[in-house]
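Counting in the numbering used here, the sequence shown runs from 3 upward without gaps. Note that CB positions come from ideal geometry on N, CA and C, so glycine has one too.
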Amino acid sequence: MTAVLSRATPAAEAPAQHFEVRPFDAPVGAEIVGLDIAEPINAADFQRIHRAHLDHHVLVFRDQRITPAQHIDFSRRFGPLEIHVLHQFQLKNHPEILIVSNIKENGEPIGLGDAGVYWHSDISYKPHPSLGSLLHAQELPSEGGDTLFADQHLAWEALPAELQQRILPLKAEHSYLAKYEELRAKNPWRPKLSQAQIDQVAPAVQPVVRTHPETGRKALFVSEHFTTRIVGLPQDESDALLAELFAHSVKPEFVYRHAWAPHDLVFWDNRSLMHLAAGTPDHLRRRLNRTTIVGDTPF
């Protein structure tokens, strides 16, 4: 399958920006150095960014001193944006941005403090899971706070052929509620969901192995956070198979660990990767802004 590189073109062509794409010495990922997202990005430069995203699956844009509106505008170049079910943690006047933070003001959390404590792909519990997410560093702790990314194309390719054939036709249920109450029990700042919020996140059934719509590559598409069962299997068989896939999918040889630098903007492909928050000491402040791009129906 040929990668699709066409995306919305800006109203006026901007001057070219001179930037580098530097692959990491890691299984996945690259950094973009010299690009200013606050400035207009012309169609040719945008195609370079898009190609790099398809090739490397996670891009780190260094030193991006951008406003929330500029963050949203850049994200929208890739597609429509998701409005997260936790409306309590939307950025004021910018509902497209979810605040990811352990900071409390006046005794109340300003953001989702325990985002990403289990491996997952964003919004896999909806019929149209996320294409990708963009997380922009606002305030970073002096230690901790890393984010890990696991390449699910590599995970699929490393499976034994007989296991590949076994799981290729299977489907699995994904639920936002799978671990929600467990997380609430540990983290009192995670809000109780209203019935209206619960209605927004009815479980969805997804292929266990999905095909990337732009590159044609196959990837595992199950996660310890949201995947509850394999459809059509007895519960014990389902649990055993999922446990095997969960353990395999995050082996060190598939993983890039990102240590955040000030003003990093990290853009990852939820069709290719899972991610995990390594955790931040409770006494250190951490805040990031996240946008999430709506994707396609997995196949």
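Segment limits, beta strand (DSSP E) that includes residue 97
As a working mapping, residue 97 is identified with position 95 in the sequence shown. That run of the beta strand (DSSP E) goes 96 to 103.
Evaluate residue 62 with the Cβ neighbour count: other Cβ atoms within 10 Å of its Cβ, from every protein chain shown; 16 or more gives buried, anything less gives exposed.
For this step, residue 62 is matched to residue 60 along the sequence shown. Buried, because 16 or more other Cβ atoms sit within 10 Å of the Cβ of residue 62.
Here's the rule I'm using: 16 or more other beta-carbon atoms within 10 Å means buried, otherwise exposed. How should residue 170 be labelled?
As a working mapping, residue 170 is identified with position 168 in the sequence shown. Exposed.
Beta-carbon gap between residue 36 and residue 15 smaller than 7 Å:
By one-based count along the sequence shown, residue 36 stands at place 34. By one-based count along the sequence shown, residue 15 stands at place 13. No.
By Cβ distance, which residues of its chain are closer than 8 Å to residue 97, with the 5 residues on each side in sequence left out?
For the purposes of this step, residue 97 is taken as residue 95 along the sequence shown, with counting starting at 1. Within the same chain, residue 97 has close Cβ partners 85, 89.
If we cut at 7 Å on Cβ distances, does residue 87 have a partner in chain C?
Absent from the structure is chain C; it holds one protein chain and no more.
With a Cβ-Cβ cutoff of 7 Å, do residue 175 and residue 231 count as a contact?
Taking the sequence shown and counting its residues from 1, the one referred to as residue 175 is at position 173. Taking the sequence shown and counting its residues from 1, the one referred to as residue 231 is at position 229. Yes, Cβ-Cβ distance for residue 175 and residue 231 is below 7 Å.
Among residues of its own chain, excluding the 5 on either side of residue 264, which ones have a beta-carbon nearer than 7 Å to its beta-carbon?
By one-based count along the sequence shown, residue 264 stands at place 262. Excluding residues up to 5 positions away in sequence, 139, 142 lie with their Cβ nearer than 7 Å to the Cβ of residue 264 in the same chain.
Count the other CB atoms, across all protein chains shown, that sit within 10 Å of the CB of residue 129; report buried if there are 16 or more and exposed otherwise.
Within the sequence shown, the letter at position 127 stands for residue 129. Exposed, because fewer than 16 other Cβ atoms sit within 10 Å of the Cβ of residue 129.
In the stretch 27 to 106, which residue ranges form an unbroken beta strand (DSSP E) of at least 3 residues, counting only runs that do not cross its ends?
32 to 35, 60 to 63, 96 to 103
Just to confirm before moving on: does the CB-CB distance between residue 283 and residue 118 stay below 7 Å?
Position 281 of the sequence shown, counted from the first residue, corresponds to residue 283. Position 116 of the sequence shown, counted from the first residue, corresponds to residue 118. In this structure, residue 118 does not lie closer than 7 Å to residue 283 by Cβ.
According to DSSP, is residue 173 helix, strand or coil?
Mapped onto the sequence shown, residue 173 falls at position 171. When secondary structure is reduced to three states using DSSP, residue 173 falls in the strand class.
Within 10 angstroms of the Cβ of residue 200, are there 16 or more other Cβ atoms? Answer buried if so, exposed if not.
On the sequence shown, residue 200 is found 198 positions in, with the first residue counted as 1. Residue 200 comes out exposed.
C-alpha gap between residue 218 and residue 69, whole angstroms:
Here residue 218 refers to the residue found at position 216 of the sequence shown. Here residue 69 refers to the residue found at position 67 of the sequence shown. About 35 Å.
Given a threshold of 16 other Cβ atoms within 10 Å of its Cβ, counted over all protein chains shown, does residue 162 qualify as buried or as exposed?
Position 160 of the sequence shown holds residue 162. The residue is exposed, with fewer than 16 neighbouring Cβ atoms inside 10 Å.
Which residues DSSP lists as bridging residue 125, in chain order:
Numbered from its first residue, the sequence shown carries residue 125 at position 123. Answer is none; residue 125 lacks a bridge partner.
Expressed to the nearest angstrom, what Euclidean distance is found between the alpha-carbon atoms of residue 114 and residue 203?
One-based indexing of the sequence shown puts residue 114 at position 112. One-based indexing of the sequence shown puts residue 203 at position 201. Rounded to whole angstroms, residue 114 to residue 203 spans 17 Å at the Cα level.
If you drop the 5 nearest sequence neighbours on each side, which residues of the same chain put their C-beta closer than 7 Å to that of residue 300?
The count along the sequence shown starts at 1 and reaches residue 300 at position 298. Around residue 300: 131, 208, 209, 212, 223.
Residue interval of the beta strand (DSSP E) (run including residue 251)
Taking the first residue of the sequence shown as position 1, residue 251 is located at position 249. First-last for residue 251: 237 to 251, but that is the alpha helix (DSSP H), not the beta strand (DSSP E).
Helix or strand or just coil, what does DSSP make of residue 193?
Numbered from 1 along the sequence shown, position 191 holds the residue referred to as residue 193. DSSP places residue 193 in coil when its eight states are reduced to three.
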